[in-house]
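As structure tokens, the structure follows; a few thoughts come after it.
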Amino acid sequence: MGAFLYKAVDAGGRHARGLIEASSESAARAELRQRKLLPLSVEPTRRRPGQAFSRDRAPRSSRLGPKRLALLTRQLATLVGANVRIEDALRVVAGQTRSAREGSLLLNLRGAVLDGRSFAAALDDNPASFDEYYRASVRAGETSGRLSQVMDHLALHIEEQAKNRQSLQLALIYPALLTIVSVVVISALLAFVVPDIVRVFTSRGADLPGLTRALIAASDWLTTWGPVAAAVCAGGVATGLAALRRPRIRARWHWLLATTWPMRGPVLKIASARFSGTLATLVQSGVPLADALRAATDTVPNLYLRTRLAALAQRVSDGAALSRAAEESGIFPPMLVAMIASGEAGGTLGHSLERSAAEQSADLKAKVATIVALVEPGVLLVMGGIVMLLVLAILMPIVSLNDLTG
Numbered sequence: 002m003g004a005f006l007y008k009a010v011d012a013g014g015r016h017a018r019g020l021i022e023a024s025s026e027s028a029a030r031a032e033l034r035q036r037k038l039l040p041l042s043v044e045p046t047r048r049r050p051g052q053a054f055s056r057d058r059a060p061r062s063s064r065l066g067p068k069r070l071a072l073l074t075r076q077l078a079t080l081v082g083a084n085v086r087i088e089d090a091l092r093v094v095a096g097q098t099r100s101a102r103e104g105s106l107l108l109n110l111r112g113a114v115l116d117g118r119s120f121a122a123a124l125d126d127n128p129a130s131f132d133e134y135y136r137a138s139v140r141a142g143e144t145s146g147r148l149s150q151v152m153d154h155l156a157l158h159i160e161e162q163a164k165n166r167q168s169l170q171l172a173l174i175y176p177a178l179l180t181i182v183s184v185v186v187i188s189a190l191l192a193f194v195v196p197d198i199v200r201v202f203t204s205r206g207a208d209l210p211g212l213t214r215a216l217i218a219a220s221d222w223l224t225t226w227g228p229v230a231a232a233v234c235a236g237g238v239a240t241g242l243a244a245l246r247r248p249r250i251r252a253r254w255h256w257l258l259a260t261t262w263p264m265r266g267p268v269l270k271i272a273s274a275r276f277s278g279t280l281a282t283l284v285q286s287g288v289p290l291a292d293a294l295r296a297a298t299d300t301v302p303n304l305y306l307r308t309r310l311a312a313l314a315q316r317v318s319d320g321a322a323l324s325r326a327a328e329e330s331g332i333f334p335p336m337l338v339a340m341i342a343s344g345e346a347g348g349t350l351g352h353s354l355e356r357s358a359a360e361q362s363a364d365l366k367a368k369v370a371t372i373v374a375l376v377e378p379g380v381l382l383v384m385g386g387i388v389m390l391l392v393l394a395i396l397m398p399i400v401s402l403n404d405l406t407g
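Residue numbers are given in my numbering: position 92 of the sequence shown equals residue 93, and the series is strictly consecutive.
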């Protein structure tokens, strides 16, 4: 089974287009004829090996945004919690959406499940919409038979992420706009205004203050090399992003982030909070600890830390205590290691991990809020200082104009 985009004509000659679920293209055409529609074109929304979409029929990327993904996950969690089979839940949710892209994505997932694949395996075909954390959690939920609980946790996690991302974006809008406007204004002053003003002083043939000479040099450099520098910076950024797609370079970059100041602290804290939160959910859902550790490891975004956590999971599988392995890994803060040891001793590992993950998330949010709150005054101070230097560089020769003319 799969989703097909169709264009058809009804008995009255009116054109119709939409989405239909069928086992094959011929079955889709037959279904359209049963609906009294003459099919003009039927195109699968999921490309098969060796098959290419025509340009005018190819659907756009079916990537889901955070809000749509949270809503879809919440709907699936509710239906699966009501003992609805996952393939039926996918059909129900697909029937409620108005987006052809989202509907085709859900129907293709349903088709993969009907073909005998697991829901997690079907999600693996759509990494753009379902990240590793999502897929690993679903896989663990299916393994433990607690898919509805895992889906509830995923919905909460995605909603919280979307809320945090929106808050951060709103907080950074004003500093970003202020920075852009300030850079444009300062660049315009250096390129167009300063040369004309400085020409009045240099025509006198007198010595200018050092700050003014530096301003003249900066203006000359920007006028001559500014476009070249901008092109080089843009090319460097594009080259760097392309290089990070290579596994070896990306792994090296992640190693630098996880081991060097100042990014080491935030990277470790983010990895620790995500790992412990996922592990808490899986353990409380009844997933065996070894399987839960492997699934939680896949949710850590940093490849270097993921490798070290995989070694930790292997140690636990070999019989080591989780608290001992966590302490030796050097990734987790002492408080989390102590909570893990307490949970192991009292048989409440899931609850201890949940509390620790909540505390780490709250601490991380507080630090992010503090940094964001400091960005705005920091930008104002930096830009104000640059403007002050520009004004001083122009005013100093004016103040000493009598000396210049004399």
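Don't be surprised by glycine CBs; every beta carbon is placed ideally from N, CA and C.
Residue 18 is classed as exposed because its beta carbon has fewer than 16 other beta carbons within 10 Å across all chains shown.
Under the Cβ criterion (8 Å, minimum of three pairs), the region 309-328 does not count as touching the region 229-238. Nearest to residue 400 by alpha-carbon distance, out of 175, 213, 70 and 125, is 213.
Here residue 84 is exposed: its Cβ has fewer than 16 other Cβ atoms, across all protein chains shown, within 10 Å. Using a Cβ distance threshold of 7 Å, residue 301 and residue 310 count as a contacting pair. Scanning the region 88-146 for uninterrupted alpha helix (DSSP H) segments of 4 residues or longer gives 101-115, 120-124 and 133-145, listed from N- to C-terminal end.
Residue 170 is classed as exposed because its beta carbon has fewer than 16 other beta carbons within 10 Å across all chains shown. Partner residues in the beta bridge of residue 11, as assigned by DSSP, are 38. Pairing residue 376 with residue 228, the inter-Cα distance amounts to about 28 Å.
Here residue 18 is bridged, per DSSP, to 8. Judged by beta-carbon spacing, residue 295 lies within the 7 Å limit of residue 314, meaning their Cβ atoms are closer than that value.
Note on geometry: alpha-carbon atoms of residue 70 and residue 34 lie some 34 Å from one another. Taking C-beta atoms under 8 Å as the contact rule, residue 43 and residue 31 fail to qualify, at a distance of about 10 Å. Here the alpha carbon of residue 186 sits roughly 17 Å from the alpha carbon of residue 393. One alpha carbon belongs to residue 298, the other to residue 276, and they sit about 7 Å apart.
In terms of CA proximity to residue 231, 188 leads the group 188, 118 and 258.
Listed in chain order, the non-local C-beta contacts of residue 395 below 7 Å within the same chain comprise 198, local neighbours out to five positions each way being set aside. Following the DSSP letters along the chain, one finds residue 168 inside the alpha helix (DSSP H) bounded by residues 148-189. Along the region 263-325, the alpha helix (DSSP H) occurs as fully enclosed runs of 4 or more residues at 265-285, 290-298 and 304-318, listed in sequence order. The beta carbon of residue 133 is closer than 7 Å to those of 299 and 300 in its chain, skipping five residues each way along the sequence. Looking from the CA of residue 75, the closest CA among 94, 141, 118 and 369 belongs to 94. Collapsing the DSSP output to three states places residue 43 in a strand.
Counting every other CB atom within 10 Å of its CB across the protein chains shown gives residue 333 a total of 16 or more, marking it as buried.
Spanning the alpha carbons of residue 290 and residue 27 requires a straight line of approximately 47 Å. Judged by their CB atoms, residue 304 and residue 255 are nearer to each other than the 7 Å cut-off.
Judged by DSSP secondary structure, residue 209 falls outside any alpha helix (DSSP H); it is assigned neither H nor E. In this model, residue 266 and residue 259 are separated by some 8 Å (Cα to Cα). Taking the CA atoms as reference points, residue 5 sits about 23 Å from residue 86.
Following the DSSP letters along the chain, one finds residue 357 inside the alpha helix (DSSP H) bounded by residues 350-400. Taking all protein chains in view, the Cβ of residue 158 is crowded by 16 or more other Cβ atoms within 10 Å, so the residue is classified as buried. Secondary structure note for residue 248: its alpha helix (DSSP H) is the uninterrupted segment 248-260. The residues 121, 124 and 125, in chain order, have a CB closer than 7 Å to that of residue 136 in the same chain once the five nearest residues on each side in sequence are set aside. Judged by beta-carbon spacing, residue 357 lies within the 7 Å limit of residue 337, meaning their Cβ atoms are closer than that value.
Straight through space, the alpha carbons of residue 147 and residue 81 are spaced by roughly 10 Å. If you ignore the 5 residues before and after residue 163, its C-beta comes within less than 8 Å of the C-beta of 67, 68 and 71, all in its own chain and listed in chain order. Counting every other CB atom within 10 Å of its CB across the protein chains shown gives residue 161 a total below 16, marking it as exposed.
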